[in-house]
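Reading through the structure tokens given below for one structure.
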Amino acid sequence: SEQAGEKEPCVLLGQLGEPGRFAYAALCGISLAWLFPEKEQSSFRTEFIEGFVKWLDLPEAVLPTMTAFASGLGGEGKETFAQILLEDPILKENPVVITQDLLSFSLRDGSYDARARVLICHVSWLLRIPLEELEVLEESLLESLKEQKEEESETAEVSRKKKERRKKLKRYLLIGLATVGGGTVIGLTGGLAAPLVAAGAATIIGSAGAAALGSTAGIAVMASLFGAAGAGLTGYKMKKRVGAIEEFEFLPLTEGKQLHITIAITGWLCAGKYGSFTAPWSSLLQSSEQYCLAWESKYLMELGTVLDSLLNGFVNMMAQEALKFTVLSGIMTALTWPASLLTVASVIDNPWGVCLHRSAEVGKHLAHILLSRQQGKRPVTLIGFSLGARVIYFCLQEMAQEKDSQGLIEDVVLLGAPVEGEAKYWKAITKVVSGRIINGYCRGDWLLRFVYRTSSVQINVAGLQPVDLDDRRMVNMDLSSVVS
Numbered sequence: 262s263e264q265a266g267e268k269e270p271c272v273l274l275g276q277l278g279e280p281g282r283f284a285y286a287a288l289c290g291i292s293l294a295w296l297f298p299e300k301e302q303s304s305f306r307t308e309f310i311e312g313f314v315k316w317l318d319l320p321e322a323v324l325p326t327m328t329a330f331a332s333g334l335g336g337e338g339k340e341t342f343a344q345i346l347l348e349d350p351i352l353k354e355n356p357v358v359i360t361q362d363l364l365s366f367s368l369r370d371g372s373y374d375a376r377a378r379v380l381i382c383h384v385s386w387l388l389r390i391p392l393e394e395l396e397v398l399e400e401s402l403l404e405s406l407k408e409q410k411e412e413e414s415e416t417a418e419v420s421r422k423k424k425e426r427r428k429k430l431k432r433y434l435l436i437g438l439a440t441v442g443g444g445t446v447i448g449l450t451g452g453l454a455a456p457l458v459a460a461g462a463a464t465i466i467g468s469a470g471a472a473a474l475g476s477t478a479g480i481a482v483m484a485s486l487f488g489a490a491g492a493g494l495t496g497y498k499m500k501k502r503v504g505a506i507e508e509f510e511f512l513p514l515t516e517g518k519q520l521h522i523t524i525a526i527t528g529w530l531c532a533g534k535y536g537s538f539t540a541p542w543s544s545l546l547q548s549s550e551q552y553c554l555a556w557e558s559k560y561l562m563e564l565g566t567v568l569d570s571l572l573n574g575f576v577n578m579m580a581q582e583a584l585k586f587t588v589l590s591g592i593m594t595a596l597t598w599p600a601s602l603l604t605v606a607s608v609i610d611n612p613w614g615v616c617l618h619r620s621a622e623v624g625k626h627l628a629h630i631l632l633s634r635q636q637g638k639r640p641v642t643l644i645g646f647s648l649g650a651r652v653i654y655f656c657l658q659e660m661a662q663e664k665d666s667q668g669l670i671e672d673v674v675l676l677g678a679p680v681e682g683e684a685k686y687w688k689a690i691t692k693v694v695s696g697r698i699i700n701g702y703c704r705g706d707w708l709l710r711f712v713y714r715t716s717s718v719q720i721n722v723a724g725l726q727p728v729d730l731d732d733r734r735m736v737n738m739d740l741s742s743v744v745s
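Each residue of the sequence shown is one higher than the one before, counting from 262 in my numbering.
Dropping the structure here:
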């Protein structure tokens, strides 16, 4: 069935002539070279393009050309190949079949590499296909799985018991087949291992692709997209203390399932509206499957309480109009701190120091949870503010030191990160992030300046300024107008 899947990506693309398929493969090859030019990404580029040439049923003779494109040659032809596809009579009215086909190809072995998703987004953008179309395709694929699961649960009791027995037998069979993905053991169980409805999936991934996924081995491979025991991240809870870490748990922010997930990390807690880990993320739009990390709440609440009182004290002090400009200008240059602030310095320094240390440890632990594929084999986006951004920074630094850490993280968003801002410290992170590294900074964040006041004057803090890293992934966003 795998060979059949390689022969027929989808019905409409099956009608695409060889020049169109050549342009399609070339566009992907050139895009791969632009997105992932690094030496350590060469095996990914080569394997992807070799499999893709077979998938499109192109003659073997074109492989050296495609490999050259994927190695960085011929990049200037990107727009030309995109134009050929946009003008092709088969694709003119419905270019979204390219997105659909690339998604099918990327999921063919039961894992969804973050680099593949970044490529799909990039090629879709070149063909003027909205990102929402990819989201719809991904959701449609999952809908097929869910429908089958519901169908099974609506049976009579006797029938259900028979089915349970069959399921048990089938599960043993699946476990026997769990090494189909190139010797990788796949975590199976639960409703997420429900059979894919081949007929329903055919509209999304093409009839041959659906036939491959509808087979027993295909079900096992599809199950690998989701986390162990079907529970994914919510099923993970620390059984015992890990080093200095006392609390580490994933809380669901949404009820949806998606082929890519988002993990949000809160930076501190305080009484009232922001007393919970979930509160800051109520309007998060990234992915329909979201989690937030609950970590070290005792220490984050202590810090938040101190920050809150410090902030209130400062606001009261600033209430006198005459002080507004003289004090603020001094604070902005971080040369003179008001005596009233310095008297409470010891109150904040201790909880801040404790949380700095713990956030680094939590970040390292998060790295190993993600590397164990607790979330399944699908792209992860990380977003955090303040100490939550620091957790992410140390998570990525830890991942960068491990093998098999590529293709797991799609995008990262760090807001007001209390970490080093020098480019050399961020270089390693580019190895593990496939999409964008967004550093949201605010030059006027006096609180962040204050907690770093005893450090060297030369220290660069990422949350206060742009990170000057020459890499297409690095995006600096000045949030001063939003925060100040």
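Note that CB positions come from ideal geometry on N, CA and C, so glycine has one too.
When the Cα atoms are used, what is the spatial distance from residue 732 to residue 688?
Rounded to the nearest whole angstrom, the C-alpha separation of residue 732 and residue 688 is 9 Å.
Do three or more CB pairs link the stretch 669 to 679 to the stretch 640 to 658 at distances below 8 Å?
yes
Could you pull the start and end residues of the alpha helix (DSSP H) that residue 686 belongs to?
684 to 687
Three-state secondary structure (DSSP) at residue 366?
Helix at residue 366.
Name the residue from 684, 743, 641 whose alpha carbon lies nearest to the alpha carbon of residue 703.
743
On the DSSP bridge list, what partners appear for residue 556?
509
On the three-state DSSP scale, how would you describe residue 728?
Correct three-state label for residue 728: coil.
Quick one: what's got a C-beta closer than 6 Å to residue 432's C-beta in the same chain, skipping five residues either side?
At residue 432, the pLDDT of 41 sits below 50, so the modelled position is not reliable; the number obtained from the coordinates is stated separately. There are no such residues.
In the DSSP output, what is residue 643 paired with across the bridge?
Assignment of beta-bridge partners to residue 643 by DSSP yields 524, 673.
Per DSSP, what kind of secondary structure is residue 435 in: helix, strand or coil?
At residue 435 the pLDDT is 38, less than 50, meaning the model places this residue with poor confidence; the figure from the coordinates comes in the next sentence. Three-state DSSP puts residue 435 in a helix.
On the criterion of 16 or more Cβ atoms from any shown chain inside 10 Å, does residue 613 qualify as buried, or is it exposed?
buried
Among the residues of its own chain, which have a CB less than 8 Å from the CB of residue 586, if the five just before and after it don't count?
Here residue 586 scores only 48 on pLDDT, less than 50, and its place in the model is too uncertain to base an answer on.
Name the two residues that bound the continuous alpha helix (DSSP H) containing residue 614.
606 to 632
Reduced DSSP secondary structure (H/G/I, E/B, other) of residue 713:
In this structure, DSSP gives residue 713 a state outside helix and strand, which the three-state scheme calls coil.
Tell me the rounded alpha-carbon separation between residue 303 and residue 375.
Cα to Cα, the separation comes out at about 16 Å.
Go ahead and label residue 544 buried or exposed: buried means 16 or more other beta carbons lie within 10 angstroms of its beta carbon, across all protein chains shown.
Classification for residue 544: exposed.
List the DSSP bridge partners of residue 722.
681
Quick one: what does DSSP say residue 349 is sitting in, helix, strand or coil?
coil
Output the boundary residues of the alpha helix (DSSP H) element that contains residue 373.
Careful: residue 373 lies outside any alpha helix (DSSP H) and carries neither H nor E.
Helix, strand or coil for residue 736? Go by DSSP, reduced to three states.
strand
Residue burial classification, residue 475 (beta-carbon count within 10 angstroms, cutoff 16)
Note on residue 475: pLDDT 46, under 50, position unreliable in the model; the coordinate value appears next. Its Cβ being crowded by 16 or more others within 10 Å, residue 475 is buried.
Take the Cβ of residue 729 as the centre, count every other Cβ of all protein chains shown within 10 Å, and call the residue buried at 16 or more, exposed below.
exposed
Using only the alpha-carbon positions, how far apart do residue 301 and residue 521 sit?
24 Å
Which word fits residue 550, buried or exposed, when buried means at least 16 other C-beta atoms lie within 10 angstroms of its C-beta?
buried
Closest to residue 515 by C-alpha separation, out of 539, 533, 528, would be which residue?
539
Given this structure, state the Cα-to-Cα distance separating residue 366 from residue 680, to the nearest angstrom.
39 Å
Check whether the stretch 281 to 289 touches the stretch 315 to 335, counting contact only when three or more Cβ pairs, one atom from each stretch, lie closer than 8 Å.
yes
Under the three-state reduction of DSSP, which class applies to residue 276: helix, strand or coil?
It is coil, neither helix nor strand.
For residue 529, the nearest candidate out of 620, 519, 402 (CA to CA):
620
Let me know if residue 700 comes out buried or exposed under the rule of 16 or more other beta-carbons within 10 Å of its beta-carbon.
Buried, because 16 or more other Cβ atoms sit within 10 Å of the Cβ of residue 700.
Cα-Cα separation between residue 641 and residue 661, rounded to whole angstroms
15 Å
Pick from 664, 633, 565: whose alpha carbon is nearest that of residue 615?
Among 664, 633, 565, the Cα nearest to that of residue 615 is on 565.
Going by DSSP, name the residue or residues bridged to residue 694.
Among the bridge pairs identified by DSSP, residue 694 is matched with 670.
With a CB to CB cut of under 7 Å and the five nearest residues on each side skipped, what residues in its chain are close to residue 309?
293
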